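Colleague: Each residue of the sequence shown is one higher than the one before, counting from 0 in numbering that gives the first Met the number 0.
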Amino acid sequence: MAVPRKKATFAVSGPQTAIIRWRTSVPGRMAHRLWVHPDEDQVLVSDGWGVAFAALRLRVLRLDDGREVASTRLGNAVRALTRSLDGSWLAASDTKLFRLDGATLAPIEKWTSRIPRYADRLVAGGQFAHACNHSEPSLHAVNLATGAVKRRRLGSHMQIHPWNSENLVAACGDGRIWVGSFGLEAMPRQIASTPAFCDSALDGRGRLWLSLGMYEEKSGDIIGPATPTSCLACMDLLNSSVLDEVDLGLPFWQITASQTGKTISVIATSRIVVEGRTIWRRTDVASFQASDFQCISWVRVPDAFEVLLISPDKRIALAARPSDQSQSDPAAAELICFNF
0 MAVPRKKATF
10 AVSGPQTAII
20 RWRTSVPGRM
30 AHRLWVHPDE
40 DQVLVSDGWG
50 VAFAALRLRV
60 LRLDDGREVA
70 STRLGNAVRA
80 LTRSLDGSWL
90 AASDTKLFRL
100 DGATLAPIEK
110 WTSRIPRYAD
120 RLVAGGQFAH
130 ACNHSEPSLH
140 AVNLATGAVK
150 RRRLGSHMQI
160 HPWNSENLVA
170 ACGDGRIWVG
180 SFGLEAMPRQ
190 IASTPAFCDS
200 ALDGRGRLWL
210 SLGMYEEKSG
220 DIIGPATPTS
230 CLACMDLLNS
240 SVLDEVDLGL
250 PFWQITASQT
260 GKTISVIATS
270 RIVVEGRTIW
280 RRTDVASFQA
290 SDFQCISWVR
300 VPDAFEVLLI
310 SPDKRIALAA
320 RPSDQSQSDP
330 AAAELICFNF
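1) Below 8 Å between beta carbons: does that hold for residue 155 and residue 172?
2) Only counting the same chain, and skipping five residues up and downstream in sequence, which positions put a Cβ closer than 8 Å to that of residue 105?
3) Helix, strand or coil, according to DSSP, for residue 163 in the structure here?
4) Could you tell me whether the segment 268-283 touches the segment 231-239, where touching means 3 or more Cβ pairs closer than 8 Å?
5) Shortest alpha-carbon distance to residue 113 belongs to which of 268, 139, 334 and 201?
6) Helix, strand or coil: which one does DSSP assign to residue 52?
7) Could you compute how far the alpha carbon of residue 133 sits from the alpha carbon of residue 68?
8) In three-state DSSP terms, what is residue 132?
9) Check whether the Cβ atoms of residue 35 and residue 313 sit closer than 8 Å, and answer yes or no.
10) Going by DSSP, what residues sit across from residue 19 in a beta bridge?
11) What does a CB cutoff of less than 6 Å around residue 86 pick up in its chain, not counting 5 residues either side in sequence?
12) Which residues in the same chain as residue 41 place their Cβ atom closer than 8 Å to its Cβ, once the five residues preceding and following it in sequence are excluded?
13) What does the alpha-carbon distance come out to for the pair residue 250 and residue 228?
14) Near residue 195, which residues of its chain fall below 8 Å by C-beta distance, leaving aside the five closest residues on each side in sequence?
15) Do residue 209 and residue 187 count as a contact pair if the criterion is CB distance below 8 Å?
16) In terms of alpha-carbon separation, which member of 125, 263, 52 and 137 lies closest to residue 163?
17) Helix, strand or coil: which one does DSSP assign to residue 75?
18) Counting only the same chain and skipping the five closest in sequence on each side, list residues whose C-beta sits under 6 Å from that of residue 177.
19) Please state whether the Cβ-Cβ distance between residue 123 and residue 81 is less than 8 Å.
And the structure:
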């Protein structure tokens with residue numbers, strides 16, 4: 000049941016210029032993947048396009064100055080990463096799953112049998128790693144002790160979130176919301192059906208946040224990103240029949256919720272036209288109070304940068320742009336970290 004849509008208010012008059020904490024160069028021109036360390040002031044960066052497969056690395060950078068403190072080479076780009084209960088990292092590449100040392104990133108274990116191809120989401124739970132690829136409808140549970148894999152077909156454009164000590168949430172872009180136990184011994188239970196959405200986030204209060212709108216659009220034979228939405232929705236997983244909707248007044252795709260559930264942040268977009276074609280660039284970060292949806296922070300990155308990652312709990316965001324191709328090594332990008 001959807002309740003009447005609310006509207007956000009703004010305590011700021013418009014986007015402010017981002018205050019940059021540091022900038023550095025990272026290998027690869029674009030398509031970098033980033034993860035903020037949940038316990039340390041660090042960010043992990045997987046090298047982007049334009050780097051030879053054998054040279055691709057996963058790197059750990061300090062959040063205070065951008066200095067690299069560790070790296071590892073796994074033979075391909077890391078596409079998904081999650082923290083295990085023992086403090087190690089679980090990392091998925093093209094068809095492999097690795098356990099990495101929590102500090103040095105040194106490989107400890109490797110699984111290669113029946114690992115889902117190109118997994119871009121990982122959740123650790125119990126003795127299992129749960130993995131999915133957004134373009135495939137199946138969720139996989141890899142038993143880290145035996146290597147056995149269970150698979151459940153739930154829906155495409157899937158995103159997964161750890162909920163509590165026993166369960167995870169699978170949010171499929173067509174609007175189907177599932178709850179399943181770690182290991183997927185039984186088929187997950189569908190708890191709700193919502194309008195289509197393109198991103199989801201789960202806060203520490205058990206509320207699932209959705210950016211309502213299609214994940215992709217098809218025009219002839221071309222499939223591309225859908226037009227950004229301005230509508231946010233919220234569902235309490237313990238009362239999943241009620242869906243609260245809010246018009247944030249800004250176009251966006253990606254959302255992130257703080258662990259406390261007090262703030263919601265979005266990567267807002269700006270529209271540009273190139274050779275008659277509309278392109279949406281991820282240029283802004285806006286934060287809203289979850290209690291009344293008042294915008295309390297709105298910043299914009301410098302020209303040519305696109306926002307890649309936001310962390311409401313650490314109040315930082317990261318953005319990148321391809322380096323000048325006239326440089327001796329054009330397969331690189333400039334990465335910046337800024338406050339919001």
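Yeah, the Cβ is synthetic: ideal placement off N, Cα and C, and Gly gets one too. Because the structure is a prediction, the values reported are computed rather than measured.
Modeller: This is what the structure gives:
1) Translated into positions along the sequence shown, residue 155 becomes position 156. Translated into positions along the sequence shown, residue 172 becomes position 173. Result yes, Cβ atoms of residue 155 and residue 172 sit closer than 8 Å.
2) Residue 105 sits at position 106 when you count from the first residue of the sequence shown. The residues are 71 and 99.
3) Residue mapping note: residue 163 aligns to position 164 of the sequence shown, counting from 1. Note: residue 163 maps to coil in three-state DSSP.
4) no
5) One-based indexing of the sequence shown puts residue 113 at position 114. The shortest Cα separation from residue 113 among 268, 139, 334 and 201 belongs to 139.
6) The residue labelled residue 52 in the question sits at position 53 within the sequence shown. Helix at residue 52.
7) Translated into positions along the sequence shown, residue 133 becomes position 134. Translated into positions along the sequence shown, residue 68 becomes position 69. Cα to Cα, the separation comes out at about 31 Å.
8) To locate residue 132, count along the sequence shown from 1; it is residue 133. Residue state, collapsed to three classes: coil.
9) Residue mapping note: residue 35 aligns to position 36 of the sequence shown, counting from 1. Residue mapping note: residue 313 aligns to position 314 of the sequence shown, counting from 1. The answer is yes: Cβ separation under 8 Å.
10) Here residue 19 is taken as the residue at index 20 of the sequence shown, counted from 1. In the DSSP output, where bridge partners are listed per residue, residue 19 has 337.
11) For the purposes of this step, residue 86 is taken as the residue at position 87 of the sequence shown. Taken in chain order, the residues that qualify are 101.
12) The count along the sequence shown starts at 1 and reaches residue 41 at position 42. Result list for residue 41: 35, 59, 60, 61, 62 and 68, in chain order.
13) Translated into the one-based positions of the sequence shown, residue 250 becomes position 251. Translated into the one-based positions of the sequence shown, residue 228 becomes position 229. Their backbone Cα atoms lie some 5 Å apart in a straight line.
14) Along the sequence shown, read from residue 1 onward, the residue named residue 195 stands at position 196. So the list reads 172, 173, 174, 211, 212, 213 and 214, once near-sequence residues are dropped.
15) To locate residue 187, count along the sequence shown from 1; it is residue 188. To locate residue 209, count along the sequence shown from 1; it is residue 210. Cβ distance not < 8 Å, so residue 187 and residue 209 don't count as in contact.
16) Here residue 163 refers to the residue found at position 164 when the sequence shown is read from its first residue. The shortest Cα separation from residue 163 among 125, 263, 52 and 137 belongs to 125.
17) What you label residue 75 is simply residue 76 of the sequence shown in a count that begins at 1. The answer is coil: DSSP assigns residue 75 none of H, G, I, E or B.
18) Here the question's residue 177 lines up with position 178 in the sequence shown. Counting only Cβ-Cβ distances below 6 Å, and skipping sequence neighbours, we find 153, 169, 187 and 189.
19) Within the sequence shown, the letter at position 124 stands for residue 123. Within the sequence shown, the letter at position 82 stands for residue 81. For residue 123 and residue 81, yes; Cβs fall inside 8 Å.
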